[in-house]
Amino acid sequence: QQQVKQSPQSLIVQKGGISIINCAYENTAFDYFPWYQQFPGKGPALLIAIRPDVSEKKEGRFTISFNKSAKQFSLHIMDSQPGDSATYFCAALASGNTPLVFGKGTRLSVIA
Amino acid sequence: NAGVTQTPKFRILKIGQSMTLQCTQDMNHNYMYWYRQDPGMGLKLIYYSVGAGITDKGEVPNGYNVSRSTTEDFPLRLELAAPSQTSVYFCASSYPATGPDTQYFGPGTRLTVL
């Protein structure tokens, strides 16, 4: 059973445009929602994260929007650049010793 | 700090051979993880450990074994390699006690089984 559903699987965006990746979850015990960024040939790295007590978190050009009632959260990349081309994973975590649950990833290509 | 290091970077195995993928972290993290990532796919958790001497199965443990005798090391053992184990393997570590569980990933081991 996939606990975190991520879409789209791939995304092509023009340079300067907005990239939007969506995730949905079912487990109401999740209380931490990070996004990881993975460049080709590298391991994933934490990009930005949010807790459900806020509806939005912004770090530079990257923003997480969180809708607790809909159990959805999304990553917005403003002014997308070719250097943002990577695979993005959303994830969710419940308190306790349970491991992080990852979405299946979105391959983003930003073209000039 | 070197962070999370993995060896080897690449390996080709024949069907039925065995090998150990090494993972070491120097951040004194108590949690460690092994993932596999198939081409164009997401991360699947194989095994994880919340501390020395403690291991637990993840989503896809069959065909693999782990041990955690020290805080720093978390080797992954493949017995009787099969083509289905061709993948990129990532080790990660974290220290949830200091706050949200940020996982730090190694550079990966690309394994091909022929």
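Chains as they are written, first to last, in the numbering used here: chain A, 5 to 116; chain B, 452 to 565. Every residue gets a Cβ at the ideal spot worked out from N, C-alpha and C, and that includes glycine.
When you compare each of B:I466, B:R487, B:L527 and B:F461 to B:A533 by their alpha carbons, which one comes out closest? B:I466
C-alpha gap between B:V564 and B:P558, whole angstroms: Per the coordinates, the alpha-carbon of B:V564 lies some 20 Å from the alpha-carbon of B:P558.
For A:A116 and A:K19, which I take to be in contact (beta-carbon distance under 8 Å), what is that distance rounded to the nearest angstrom? A:A116 to A:K19, Cβ: 5 Å. Contact.
Would you identify the three-state DSSP class for B:D477, choosing helix, strand or coil? coil
Give, in chain order, every residue of the segment 485-513 of chain B whose Cβ lies closer than 9 Å to some Cβ of chain A. Y486, Q488, G491, M492, G493, L494, K495, L496, Y499, V501, D507 and G509
Can you tell me the Cα-Cα spacing of A:L50 and B:L464, whole angstroms? Computed Cα separation, rounded: 32 Å.
Got a sec, what are the start and stop residues for the beta strand (DSSP E) B:L531 sits in? B:L531 -> no beta strand (DSSP E), and no H or E assigned at all.
What residue range does the beta strand (DSSP E) around B:G502 cover? L494 to G502
Quick one: residues in its chain with C-beta nearer than 8 Å to the C-beta of A:D35, no 5 flanking neighbours on either side, listed in chain order? R55, P56, L97, A98 and S99
Neighbourhood of A:A28 by C-beta distance below 7 Å, restricted to the same chain and skipping five residues each side: Excluding its 5 nearest sequence neighbours in each direction, A:A28 has C-beta neighbours in its own chain below 7 Å: K9, K75 and Q76, listed in chain order.
Compute the Euclidean distance between the alpha carbons of A:M82 and A:L104, then round it to the nearest angstrom. 27 Å
Taking any Cβ of chain B, which residues in the segment 45-70 of chain A have a Cβ under 9 Å from it, in chain order? Per Cβ criterion, the list reads G45, K46, G47, P48, A49, L50, A53 and R55.
Cβ distance (whole Å) where B:G504 is taken to contact B:R519 below 8 Å: 6 Å
Might you give, ordered along the chain, the residues of its own chain that have their beta carbon closer than 8 Å to the beta carbon of B:S469, omitting 5 neighbours on each side? R528, L529, E530, L531 and A532
Under 8 Å between C-beta atoms of B:Q476 and B:G454: yes
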